[in-house]
Amino acid sequence: MERAAERNIPDVAVARVSAVLGAFDADHRELRLSEISRRCGLPKSTTSRLVAGLVVYGFLERSGTLLHLGRRLSELGRLGMGRRDLRAVALPYLVDLREATRQSVQLAVLDGTDVVLLEILRGPNTPEPLAAGGRLPAHACAPGKALLACSDEAAVALVCARPLTAIGPRTVLTPASLRRQLNLVRESGLAYESEESGPGVGGVACAILHADGRPVAAVAVTGWSGRLNPRALGPAVRTVALAVGREFCPSTSAHCRRCR
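Counting from 1, position 124 in the sequence shown corresponds to residue 124 in UniProt numbering; the numbering is continuous, with no gaps.
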């Protein structure tokens, strides 16, 4: 019974610890053991062992029957803040891009099968965007396709292994179609969408790259399909992605390692 409940969690310690810590969020700052088990999808006995270890090392703390994130995580978080912040580097470029295009501008990163929106600057008379921190399926939006095209095969296979759900009238729904689109992205360096992330929404995205071609994030411009020309905006989006990449990752490459 316990093994069946663990099928969705990879059989490695790091993934299980990540699942336990990921059970906490802004709306669930304190949880009981049973709640952590339910939210992270692990059996209660497994969760109990992991929680006990995390408490010992200060990653979790107890308050009676409740658990909350520990001081050790805060200490590590402060160390991480010493590194250059991608959002801070990108923001001036994103502001300029919004002013130049009069469309909504996004900064997104790949997280498993989704993209997480780190920053959104809404343009006038554009579709109501998700808030920063929102998620979209990677297969159903321009930034997701830009990131997948420059990612390794394992990242693409992870997306293709699950049902490709429709969130717009023209969302790609088969792995074969998605792979064909990714091949086109690799050829041009730009990813386009037309009513894939929502009715009437269009856009274009380009990946921000490390020097070795690994994707860091993606810059995207989105708006109403009838009011923007994604292909005309492509060069501006590519220019911003390259500029952010050069500042955030010195000696960055102009092409992803999988592009031709």
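All C-beta atoms in this analysis are idealised placements derived from N, C-alpha and C, irrespective of residue type, glycine included.
- By the neighbour-count definition (other C-beta atoms within 10 Å, threshold 16), arginine 16 is a buried residue.
- For serine 194, the uninterrupted beta strand (DSSP E) run begins and ends at 191-194, by DSSP.
- Proximity to alanine 161 across Leu173, Ile120, Pro169 peaks at Leu173, based on C-alpha coordinates.
- For proline 215, the beta-bridge partners assigned by DSSP are Leu209.
- When beta bridges are read from the DSSP output, valine 115 appears opposite Leu110, Leu136.
- Annotation: serine 151 is outside any beta strand (DSSP E) and is labelled neither H nor E by DSSP.
- The secondary-structure analysis by DSSP pairs alanine 220 across a beta bridge with Gln106, Ala205.
- In the structure shown, glutamate 30 falls within a coil segment according to DSSP collapsed to helix, strand and coil.
- With distances taken between CA atoms, arginine 179 lies nearest to Ala155 out of Ile167, Thr126, Ala155.
- CA-to-CA, the gap between valine 219 and serine 188 works out to about 15 Å.
- Residue state for glutamate 128 is assigned as coil, using DSSP reduced to three classes.
- C-alpha of aspartate 212 to C-alpha of aspartate 96: approximately 27 Å in a straight line.
- In the DSSP assignment, isoleucine 120 forms a beta bridge with Gln106.
- Sixteen is the threshold: when 16 or more other Cβ atoms of the shown chains lie within 10 Å of the Cβ of proline 137, as they do, the residue is buried.
- By the C-beta density criterion, glycine 112 is exposed, having fewer than 16 other C-beta atoms within 10 angstroms.
- Contact annotation: the stretch 139-152 does not touch the stretch 120-130, with fewer than three C-beta pairs closer than 8 Å.
- Per the coordinates, the alpha-carbon of alanine 108 lies some 28 Å from the alpha-carbon of isoleucine 36.
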